[in-house]
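Its first residue numbered 1, the sequence shown is counted upward by one per residue in full-length UniProt numbering. Data first, discussion second: the structure below is written as structure tokens.
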Amino acid sequence: MARSIADQSVTELGGRVSVLTRQKKDHVTLDRLLHELGRTHGHEQDAVLQRLYRLVFPHAFAEEAVLWPTLRRVLPDGHELSLEVEQEHQEVNELVTRLEGMGHHHPERGAVLDRLTEVLREDVRDEEDVLLPRLQQAVSTRDVRRLGVLWEVVRRVAPTRAHPVVARRPPGNVLSAVPLSVLDRLRDLLDAGARRGPERVVPALRTASRTLTWAAHRVEHLPLLRIGEDPSTRSGGPGGA
Ligand SMILES: [Fe+2]
Ligand SMILES: [Fe+2]
């Protein structure tokens, strides 16, 4: 039985560059943000959510583009293992999309936030206790370091928002990276400006952000970006929320 990466030291995980160490570090930050989410409300909670999205979506995108294809190559049951976490990622994308359409006093907001927290915690447990230890057993220390560098590069340029419609697998998700990342990161800047900027520019920034959201949804629906999708992670499909 493979040992959870939660119980291993940095040296055992392959050093600081290793993808296993980087994953564990992000998961610790996620845990802290989930605790903050439960303690906050209204606009303060929105700011926590923005930080959570900026952590979770590039992190998961880089898993889907770099790590899970490797897992499928090196493990005979890699397809089943990776599909389970891709379904969790899909549910996260769908829950966040629902949340973005809800006001602070929407009657379902609390239930959606609770489910989001639950799925994110399940995703971390599946990865730390099963997928990543299995990957660790199947590849060399040199490989986990090489994957660490690659995963980090992809994470830094990946989309930062929920995109439930694009494929959770290459090549669709990889093709979506450039246009969606540009649109998402511009939205992040506009939304940050709307939160902190002078009152008179807030309506214009919010309008510009909504226009980019509309543009991102148009891009998401390009058929090319759905290639590689497993039917169970299709938006609104059996694996969806
Ligand atoms: Fe992860
Ligand atoms: Fe994940």
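The beta carbon of each residue, even a glycine, is placed where N, CA and C say it ideally should be.
Under the three-state reduction of DSSP, threonine 207 is assigned to helix.
In the structure shown, the three-state DSSP call for valine 74 is helix. When secondary structure is reduced to three states using DSSP, aspartate 230 falls in the coil class, being assigned neither helix nor strand.
Pairing arginine 226 with alanine 167 gives a Cβ-Cβ distance under 8 Å. Under a 10 Å Cβ-count criterion, proline 107 is classified as exposed, with fewer than 16 other Cβ atoms of the shown protein chains found around its own Cβ.
Closest by C-alpha distance to histidine 104, out of Gln45, Pro231, Phe57 and Asp114, is Gln45. Residue environment for valine 85: buried (at least 16 other C-beta atoms within 10 angstroms of its C-beta). Assignment of proline 107 by DSSP, reduced to helix, strand and coil, places it in the coil class.
The three-state reading of DSSP puts glutamine 45 in helix, counting H, G and I together. Segment contact: the segment 167–180 against the segment 53–65, three or more CB-CB distances shorter than 8 Å; contact assigned. By the neighbour-count definition (other C-beta atoms within 10 Å, threshold 16), leucine 120 is a buried residue. With a cut-off of 8 Å on Cβ pairs, the segment 135–147 is not in contact with the segment 39–55, counting fewer than three such pairs.
Going by DSSP, glycine 148 is part of the alpha helix (DSSP H) stretching over 141–157. Distance between threonine 11 and serine 4, taken at the CA atoms: about 14 Å. Residue state for leucine 212 is assigned as helix, using DSSP reduced to three classes. Taking all protein chains in view, the Cβ of tryptophan 68 is crowded by 16 or more other Cβ atoms within 10 Å, so the residue is classified as buried. When the beta-carbon positions are compared, glutamine 50 and aspartate 230 stay at least 8 Å from each other. Three or more pairs of CB atoms, one per stretch, sit closer than 8 Å, so the segment 146–160 contacts the segment 64–84. Cβ-Cβ distances below 8 Å link leucine 180 to Pro159, Arg161, His163, Val166, Ala216, Val219 and Glu220 in the same chain, with the five nearest sequence neighbours on each side left out; the list follows chain order. With a cut-off of 7 Å, the C-beta of histidine 163 is classified as distant from ligand 2, since no heavy atom of the ligand falls inside that distance.
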